[in-house]
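Visitor: What follows is a structure written as structure tokens; I'll ask about it next.
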Amino acid sequence: MHGMFVGDVHRALLLEQLLPAQAEPWRFVDIATPVHADDGSLRGVLGAHLSWSWAAGIKHDLVDATLAQHQAEAFIVGTDGTVLLGSPELQGKKLPVLRQGELSVESRTRGAGRFPGLGWDVVLRQPESVAMADFRALQVRTRVAAALLCLVAAPLLWLLSRRLATPLRELDARLRASDDAPPSAPGHPLYREADLLNQALDLYAQRHREDAGHLRTLNASLEARVIERTAAQEDTNRELAWAMRERWRSEERLRAILTHAPDAYIAIDEHGKVSEWNRQAEQTFGWSRDEAFGEPLDTLLVPASARDPRRLGVDVFTRGGAAAGQRVQLTVRHKSGAEIPVELSAAALRTEAGEVAYAFLHDVSARLRAEQERARSEQRLRTITDNLPVLISYIDKDERYQFCNRTYGMWMGIDAAGMIGRSLAEVLGPEEYAKRDVHLRRTLAGARADFDIESTWLGVHRHLHGTYVPDIVEGRVEGIYVLVSDVSAEKAAETKLALQARTDSLTGLANRHAFNEKLAEALARSRRTEMPIALFFLDVDKFKGINDTLGHAAGDAVLKIFAERLVASVRETDTVARLAGDEFVVILESLHTPAEPQFIARKILATMGRPFDVAGVPLQVTASIGIAWQADGHAQPSGLLAMADKALYEAKDGGRNTFRLASA
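The numbering of the sequence shown is this note's numbering, which starts it at 512 and goes up by one.
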């Protein structure tokens, strides 16, 4: 009572008594459908018995010859395991289990359209020896070929190895027979390596003879060289006296250099008293050379809170301690009492007068102020970047992070400080790194890169827009400035707008723009698959009268119900669209015969024949349908639509509430 019914194959004991006798029992498939009046009430049920003998005829004409050629069997098995179609001796019986040495394939049948099917299985069986015959023959041929190849190659390889080793055996015999000088290696016209070895051994023998001659020459000249060294010692003494005079002059020059050095230079003796105080020391600390000379260094420079000489490091310098030779930053006192930060570099030297310490002191006040300002600037930059909802970082030319803001931690769950020094590939992983690789290569080559990618971190999927800017220093790329922003909201808005641009706002169906795209795609698939396609063009009969009498709100309600029923009447894979007003189209693909779209058209007309509930008022609405049938998909979209439109007008001329089919 609620729709079409299809019953499984069965015997009809009463009906077969009225039919001609045949070798096998009569079997039928039951088909029943309700019959409704114009007002939608049930008038009765139309039933039919479909003889199962047509299936046996199809199997005999189309399948049995192929099965016999391949020594295979085919069965159609019902849901209870009974053979519905197969060899005569098994029909109506349970399908026996698979025998040893056989291969079997099963496939469940499916219904067409909205009919779910009867759950039958198609079973194919074939002896394993037949299915695997070609493969096993190939195995035998492969093994025979491999065995023959081994038999031929083994003696050839042995002869070749003997021939290649002949020069080496001859050389070994000559080496064993030689006592002193290396022998010459035998030459061989086919082996260049043996000739090279012969040349190397000849060269070694020649050098051996030359070395022996040199040794004799050296022994003979030893006595002469002793005489020469004695004379040279006298010359050395004269040169030493000259060097001492030059040293005195050098010390004078050094003193002049230290006097004009840009850093303060101070020397102290083993008692910590000043023994040298240059001009820059006078300008830096305010004490003249005469005032500082001979005074303890700690009373001049060490602040009152650190008067212990060890705080300045005097003990360390005069005794060559651990700080000697290093650069140390400390605070000293100016003559005015002000404290000055200085960088000290000192060394200790033992002289005839005792331990002496030398130190250069450089006023670093300006540098420290610059460093403090830089630190404040970096902190401001860090504060700004850490509070921006974007990824900001700097990557060096080796693709290692040198700076990254706090947003990395919030997006990726990674400690930003822990990323410093790690490579991009290590932090992101292979999959995410591969998305950025081509843009990295472009930027490291000196060009800016802008790109869009998708990434998922901590379970959040984001659409990202990235910008890589090369850091170019003296013509070389030293690193990359990275800025990555989350554009997921913008992408979602774009997607929503794109969907709205392809959707009818009243019915939710595809609009004309989306229909044009779908029709072109459907025709292309039809050409590839060589399967027919049909285009329905529908409109609501006398829709203008509904708008004029009931108002546009009622007309919109009719269109919504019409769209819902139209979608329910076709397959999920079919495309339903509203072009304008009361004009609708349906694209049906993967068809076989013109009977299929005609069946669907009748179904649509029957569905639309039920009253429409518009604001609680039942309204009788009908539709007219024009069908364009295209067998090979080579029609143009505009031509196919025009054909369906023409068929629609023919349906209206035929009295409405009907359909017409046109073929291309």
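Where is the CB? At the ideal position from N, CA and C, for every residue including glycine. Keep in mind that this is a model prediction, so the values were computed, not measured.
On the three-state DSSP scale, how would you describe W922?
Guide: Helix.
Visitor: Is I1138 near A1158, with beta carbons less than 8 Å apart?
Guide: With contacts defined by Cβ atoms closer than 8 Å, I1138 and A1158 form a contacting pair.
Visitor: Any idea if D746 is buried or exposed, counting beta-carbon neighbours within 10 angstroms, 16 or more meaning buried?
Guide: exposed
Visitor: Consider the C-beta atom of V540 and the heavy atoms of the ligand SAH; say whether any pair is separated by less than 7 Å.
Guide: This structure does not include the ligand SAH; it has no bound ligands of any sort.
Visitor: Can you grab the Cα-Cα spacing for the pair S856 / I777, in whole Å?
Guide: 11 Å
Visitor: Decide yes or no for the touch test of the region 1110 to 1130 against the region 1010 to 1024: beta carbon pairs closer than 8 Å, at least 3 of them.
Guide: no
Visitor: Would you mind sorting G957 into buried or exposed? The rule is 16 or more other CB atoms within 10 Å of its CB.
Guide: exposed
Visitor: According to the Cβ coordinates, are F1048 and G1066 closer than 8 Å?
Guide: Taking 8 Å as the Cβ cut-off, F1048 and G1066 do not qualify as a contacting pair.
Visitor: Report the CB separation of A1146 from L994 in whole angstroms; it is logged as a contact under 8 Å.
Guide: Going by Cβ atoms, the distance from A1146 to L994 rounds to 51 Å, so no, they are not a contact pair.
Visitor: Only counting runs of 3 or more residues, tell me where the beta strand (DSSP E) segments fall wholly within the region 967 to 1030, in order along the chain.
Guide: 971 to 984 and 987 to 997
Visitor: In three-state terms, what does DSSP make of A833?
Guide: Because the pLDDT at A833 is just 45, under 50, the model does not fix this residue reliably, and the value given afterwards should be weighed accordingly. Coil.
Visitor: Quick check on R821: buried or exposed, where buried means 16 or more other Cβ atoms within 10 Å of its Cβ?
Guide: Here R821 scores only 45 on pLDDT, less than 50, and its place in the model should not be relied on; the value that follows carries that caveat. R821 comes out exposed.
Visitor: If V980 sits next to R959, beta carbons under 8 Å apart, how far is it from one beta carbon to the other, in whole angstroms?
Guide: 5 Å
Visitor: According to DSSP, simplified to helix, strand and coil, what is W565?
Guide: helix
Visitor: Looking only at its chain, what residues have a beta carbon closer than 6 Å to the beta carbon of A833, apart from the 5 residues adjacent to it on each side?
Guide: The predicted position of A833 is uncertain, since its pLDDT is 45 and thus under 50; a value taken from the coordinates is nonetheless stated next. Contacts found: none.
Visitor: Spatial neighbours of H845 within its chain, please: C-beta separation below 7 Å, excluding the five flanking residues on both sides.
Guide: Cβ within range, chain order: F796, G797 and I851.
Visitor: Closer than 8 Å is the cut-off here; do at least three beta carbon pairs connect the region 1015 to 1022 with the region 1069 to 1083?
Guide: yes
Visitor: Using 8 Å as the threshold, is the region 579 to 586 in touch with the region 554 to 563, meaning 3 or more CB pairs across them?
Guide: no
Visitor: Report yes or no: do three or more beta-carbon pairs, one from the region 971 to 978 and one from the region 876 to 896, lie closer than 8 Å?
Guide: no
Visitor: In angstroms, rounded to a whole number, what distance separates the CA positions of E882 and P773?
Guide: 21 Å
Visitor: Have a look at K604 and T593 and give me their C-alpha separation to the nearest angstrom.
Guide: 5 Å
Visitor: If contact is defined by three or more beta carbon pairs under 8 Å, each pair taking one atom from either stretch, is the region 1119 to 1138 in contact with the region 1166 to 1174?
Guide: Yes, the region 1166 to 1174 touches the region 1119 to 1138.
Visitor: Can you give the beta carbon distance from F1095 to V1132, rounded, assuming they're within the 8 Å contact cut?
Guide: So it is not a contact: roughly 13 Å between Cβ atoms.
Visitor: Pick from L1102, D1052, L659 and K908: whose alpha carbon is nearest that of G1165?
Guide: D1052
Visitor: In whole angstroms, what separates the C-alpha of L860 from that of Q890?
Guide: 44 Å
Visitor: In the DSSP assignment, what are the bridge partners of Q840?
Guide: E854
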